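Asks: Per numbering that gives the first Met the number 0, residue 0 is the first one in the sequence shown, and the count goes up by one each step. Just so it is clear, CB atoms sit at the ideal spot from N, CA and C, and this is done for glycine as well. Keep in mind that this is a model prediction, so the values were computed, not measured.
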Amino acid sequence: MKQVFHKPKSLKPAIYHYCPGCGHSIIHRLVAEVIDELGIQEKTVGVPPAGCAVLAYNYFDVDMGEAPHGRAVAVATGIKRVLPDRVVFTYQGDGDIAAIGTGGAVHAANRGEKITVLFINNGVYGMTGGQMAPTTVAGMNSTTTPGGRDVARDGYPLDLTQMLAVAGGSVYLERVAVNSPKNIKKAKKAIKKAFQAQLDGLGFSLVEILSTCPTNWKMSPIKAMEYIDQSMSKVFPLGVIKDKTGYDEKQGEES
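1) What three-state label does DSSP hand Ile14 in the structure shown?
2) Give every residue of the same chain whose Cβ lies closer than 8 Å to the Cβ of Gly128, excluding the five residues on either side of it in the sequence, and list them in chain order.
3) Is the stretch 221-231 close to the stretch 174-186, with three or more CB pairs under 8 Å?
4) For Pro67, which of Ile99, Val81 and Asp60 has the nearest alpha-carbon?
5) Three or more beta-carbon pairs under 8 Å between the stretch 143-162 and the stretch 119-135, yes or no?
6) State the start and end residues of the unbroken beta strand (DSSP E) segment that holds Asn120.
7) Identify whether Leu82 lies in helix, strand or coil by the three-state DSSP scheme.
8) So, helix, strand or coil for Met139, using DSSP?
9) Val331 lies in the beta strand (DSSP E); which residues open and close that run?
10) Does the Cβ of Pro12 have 16 or more other Cβ atoms within 10 Å, making it buried, or fewer, making it exposed?
11) Specify, as a first and last residue, the run of the beta strand (DSSP E) that Ser169 falls within.
12) Determine, using beta carbons only, whether Leu37 comes closer than 8 Å to chain D.
13) Suppose you measure from the CA of Lys222 to the CA of Thr211; what does that come to, to the nearest Å?
14) Would you identify the three-state DSSP class for Met0, choosing helix, strand or coil?
15) Less than 8 Å between the C-beta atoms of Ala97 and Phe203, yes or no?
16) Would Ile114 and Thr76 be called neighbours here (beta carbons separated by less than 8 Å)?
17) Mapping DSSP to helix, strand and coil, what is Thr127?
So, in structure tokens, the structure goes:
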């Protein structure tokens with residue numbers, strides 16, 4: 000019998016510590032599958048900062064670094080410049096890259112640093128208890144906005160990916176989600192394209208991934224998946240935001 004599904008080589012045999020229904024485990028697998036398919040396990044370096052994914056080194060079977068809160072892009076830039084033959088990616092939540100790490104991300108994109116950023120947007124500070132994040136959508140409850148985010152008081156949700164699209168050195172930016180099989184397939188394709196852009200030395204690439212946080216959203220996993228379609232994706236529409244790679248789309252669908 001032909002085996003059609005197996006554990007990626009680039010994932011360690013470790014049990015995830017993430018909450019039930021969390022999207023991190025799905026995204027980890029997609030990243031590992033892409034690393035395997037591109038044949039880059041031996042030269043890949045991952046850089047997670049503080050956040051729910053701070054223990055990513057327990058799961059990815061590649062070289063891993065650690066960065067202070069908000070500084071993953073800076074650390075990844077240093078690694079890539081010293082070791083330009085490596086494939087370097089960051090794995091950052093919205094409470095990291097869209098808050099304390101915003102400045103670093105903007106300037107790295109503007110310089111065209113040849114790294115790949117995976118931006119996990121679940122709309123809250125997940126690790127520290129579900130406080131309002133820069134990406135929390137209007138009306139969404141959090142531990143610091145129990146009556147819902149009020150834009151008159153708290154400002155509007157920050158669309159960091161759109162901001163980075165105007166940076167001259169960014170070459171590929173796409174927003175995806177992992178709340179359905181169809182969206183998961185699209186997410187993997189986007190991640191693979193972002194890694195390929197780095198392999199080809201084109202510039203800064205980023206994939207924003209809308210993900211669930213049932214624990215802090217106070218929802219069941221099923222309701223959390225639905226919330227992405229009903230609310231989050233209305234504020235953060237899915238799709239390609241910027242693509243200067245020049246890759247043939249038909250070829251990309253076949254790969």
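Replies: Short version:
1) coil
2) Thr142 and Asn215
3) yes
4) Ile99
5) When Cβ pairs closer than 8 Å are counted between the two stretches, the stretch 143-162 is seen to touch the stretch 119-135, the count reaching three or more.
6) Thr115 to Asn120
7) coil
8) coil
9) What is shown of the chain runs 0 to 254, which leaves residue 331 out entirely.
10) exposed
11) Ser169 to Ala176
12) In summary, chain D is missing from the structure at hand, where a single protein chain is found.
13) 10 Å
14) coil
15) The answer is no: Cβ separation not under 8 Å.
16) Going by beta carbons, Ile114 and Thr76 fall inside the 8 Å limit.
17) Look at Thr127 here: in three-state DSSP terms it is coil, with no helix or strand label.
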